[in-house]
Amino acid sequence: MKSLQAIFNANWKSSDAGFLLRTDLVVSPNSEMVLASFIRDHVKVFIEKEKMGDNKVVLEVLRSEGAD
1224 MKSLQAIFNA NWKSSDAGFL LRTDLVVSPN SEMVLASFIR DHVKVFIEKE
1274 KMGDNKVVLE VLRSEGAD
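Taking our numbering, the leading residue of the sequence shown gets 1224, the next gets one more, and so forth.
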């Protein structure tokens, strides 16, 4: 939760969030492989994304893991 709060606050102030340990949070453009691994490794995943788009890697992993 601290990572998410730090990222939100940095974004709000238009500043850099710096390096934070993010073991349960994937934040980044072009993070398809990290996100795919995260989905495979967890029983339940909640995804908040502005646009899901046509990300074939992530969508295929979601389908294979039985996502609704």
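Note that beta-carbon positions come from the ideal geometry of N, C-alpha and C, so glycine has one too.
Compare the C-alpha of residue i against each of the options and name the closest.
{"i": "A1259", "options": "G1241, N1278 and D1239", "result": "N1278"}
{"i": "N1253", "options": "V1280, L1285, G1289 and E1288", "result": "V1280"}
{"i": "V1266", "options": "E1255, V1257, M1256 and L1285", "result": "L1285"}
Give the DSSP-derived three-state secondary structure of residue i in the structure shown.
{"i": "V1266", "result": "coil"}
{"i": "E1288", "result": "coil"}
{"i": "N1234", "result": "helix"}
{"i": "L1248", "result": "coil"}
{"i": "S1260", "result": "helix"}
{"i": "S1254", "result": "coil"}
{"i": "A1229", "result": "helix"}
Can you round the beta-carbon distance between residue i and residue j to whole angstroms, since I take them to be within the 8 Å contact cut?
{"i": "I1262", "j": "E1288", "result": "6 Å"}
{"i": "V1250", "j": "I1230", "result": "6 Å"}
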